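In the numbering used here, the protein residues as written are 11 to 321. For each residue, glycine too, the CB sits at the ideal point set by N, CA and C. Model, not experiment: these values are computed from the prediction.
Now the structure itself:
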């Protein structure tokens with residue numbers, strides 16, 4: 011597998027080979043995985059009682075200065091898996107009894123992921139857990155393979171998107187991406203246990219100083235889609251991370267007053283979904299990116315990888 015990559019909105023044309031990293035995402039063509047295990051930190055309709063089968067990929071096509079997973083998003087780390095090995099990982103994770111297979115930040119590996127899912131009878135939903143910064147054309151590679159879309163909608167305006175994630179085109183890109191996700195899956199559907207089996211759940215992390223943007227995102231969901239068709243998750247778990255000296259406005263948590271006001275606004279807009287209390291702003295929900303779930307894979311085709319982080 012080798013190609014010049016224009017799959018994400020950056021269209022950087024990086025040469026991607028099986029193992030050679032390239033592009034803004036610092037990734038090769040084959041996926042690098044840092045963890046594949048039950049995860050209980052998602053919304054209740056995703057985590058349920060037995061956990062979500064989360065597969066964490068390394069690398070990312072965004073450059074969020076506040077990223078909580080910087081150790082994997084900014085570095086070429088993890089195990090490089092062939093498509094058959096990725097497929098085997100998904101099946102073994104399914105067999106642990108998780109409610110779904112949750113592909114976390116896999117947008118830059120969409121091609122091998124789609125190949126791994128093609129014809130794979132998992133018997134549980136596949137969740138595409140993404141930053142929302144992906145092209146509608148690329149998302150079409152996943153049509154019929156993904157049952158639940160779980161995108162972020164990080165920014166409403168170009169200025170903060172450019173300042174905090176080096177992606178001034180994020181707002182319009184994310185709008186188009188969510189619309190494509192909804193086109194594929196339609197109105198959300200829960201099973202008899204309240205678990206999401208199909209549809210779209212849009213997340214928005216409240217950033218300090220960007221509270222009005224949260225309202226704009228909620229307006230978009232309320233006005234752009236049929237009432238009650240898209241779930242929404244308002245998250246107040248923002249935690250200042252090291253290295254934010256250039257961004258003093260981000261060196262604080264969201265206040266309870268702002269959080270309460272936004273929860274009230276979400277209710278007034280009639281959005282169905284979830285919200286958090288400020289106490290959720292801790293680092294305890296960040297899992298250990300230690301290769302859990304990959305131990306029993308056979309050696310051929312798997313290679314530990316590391317390189318210097320690049321801003």
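Asked, Found
"Buried or exposed by the 16-neighbour rule on C-beta atoms within 10 Å, applied to residue 13", "exposed"
"Inter-stretch contact at 8 Å, needing at least 3 Cβ pairs: the segment 29–36 / the segment 185–201", "no"
"Nonlocal neighbours in the same chain, by C-beta distance under 6 Å from residue 8, ignoring five residues either side", "Here the chain covers residues 11 to 321 and nothing more, so residue 8 does not appear."
"Euclidean distance between Cα positions of residue 268 and residue 221", "7 Å"
"Coarse secondary structure for residue 118, derived from DSSP in three states", "helix"
"Distance CB(residue 239)-CB(residue 158) smaller than 8 Å", "no"
"Proximity to residue 142 [Cα-Cα], best of 218, 235, 165", "165"
"Nearest-angstrom Cβ-Cβ length linking residue 99 and residue 46, presumed shorter than 8 Å", "5 Å"
"Collapsed DSSP secondary structure at residue 162 in the structure displayed", "strand"
"Span of the beta strand (DSSP E), counted from its first residue to its last, around residue 245", "241–245"
"N-terminal and C-terminal residue of the alpha helix (DSSP H) that residue 189 is part of", "180–195"
"Residues bridged to residue 206 [DSSP beta-bridge criterion]", "200"
"Per-residue burial, residue 276 [other beta carbons within 10 Å of its own, 16 or more giving buried]", "buried"
"Assigned secondary structure, residue 107 (DSSP; H/G/I helix, E/B strand, else coil)", "coil"
"First through last residue of the alpha helix (DSSP H) which encompasses residue 149", "146–149"
"Alpha-carbon to alpha-carbon, residue 134 and residue 306", "22 Å"
"Three-state secondary structure assigned by DSSP to residue 62", "strand"
"Cutoff 8 Å; reference residue 170; Cβ partners in own chain excluding five residues on either side", "217, 220, 223"
"Inter-residue spacing [alpha-carbon to alpha-carbon] between residue 280 and residue 94", "44 Å"
"Where the alpha helix (DSSP H) containing residue 223 begins and where it ends", "221–234"
"DSSP bridge partner residues for residue 48 (one or two, in chain order)", "63"
"Where residue 74 sits in the DSSP three-state scheme", "coil"
"Euclidean distance between Cα positions of residue 198 and residue 153", "16 Å"
"Residue 172 in three-state terms, based on DSSP", "helix"
"Residue 180 and residue 243 closer than 8 Å at C-beta", "no"
"Beta-carbon proximity check, residue 49 vs residue 62, cutoff 8 Å", "yes"
"Continuous alpha helix (DSSP H) stretch holding residue 26: start and end", "Taken as a continuous stretch (DSSP letters only), residue 26 belongs to no alpha helix (DSSP H), being part of the beta strand (DSSP E) at 24–26."
"heavy atom of the ligand FAD below 7 Å from residue 189 C-beta", "In terms of ligand content, the structure shown is empty, and the ligand FAD therefore cannot be addressed."
"Distance CB(residue 58)-CB(residue 200) smaller than 8 Å", "no"
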